[in-house]
Amino acid sequence: MNANDSTEVKSVDITQSEFGEKVAEKLESKGYSSTGLIMSQDYEKRIKYIVVISETENKGKATKKDIQQTFEKVAKSYESKPFTVQLQEKRQ
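In structure tokens, the structure reads:
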């Protein structure tokens, strides 16, 4: 694949960006202490955020919905293309 190809996707740790820091702060304030890593995959029309979370903190659909809503609230302060959020469990 050509490096200039617009369909090429790479994962980037966003926790050092302003947006990533804000999301991480909000998640911590809700009791998610293990979300130290938030990755993004930037596609042409959409961004996919991958939140690494511990098995013990992941309570399924309720956790996914809570984290998705947190991203949506923070994103209102930033210009962002449409996005999805995916949870990935880290094994302890």
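In the numbering used here, the protein residues as written are 3 to 94. For each residue, glycine too, the CB sits at the ideal point set by N, CA and C.
| Item | Value |
| --- | --- |
| Straight-line gap, residue 54 to residue 79 (C-alpha atoms, nearest Å) | 23 Å |
| For residue 42: DSSP bridge partner residues | 14, 51 |
| Own chain residues within Cβ distance below 7 Å of residue 21, not counting five before or after | 76, 80 |
| Cβ pair residue 49, residue 83 closer than 8 Å | yes |
| Of the listed residues 43, 33, 35, 32, nearest to residue 15 (C-alpha basis) | 43 |
| Cα-Cα separation between residue 59 and residue 34, rounded to whole angstroms | 7 Å |
| Helix, strand or coil at residue 56 according to DSSP, with G and I counted as helix | strand |
| Assigned secondary structure, residue 23 (DSSP; H/G/I helix, E/B strand, else coil) | helix |
| Residue 69 and residue 89 closer than 8 Å at C-beta | yes |
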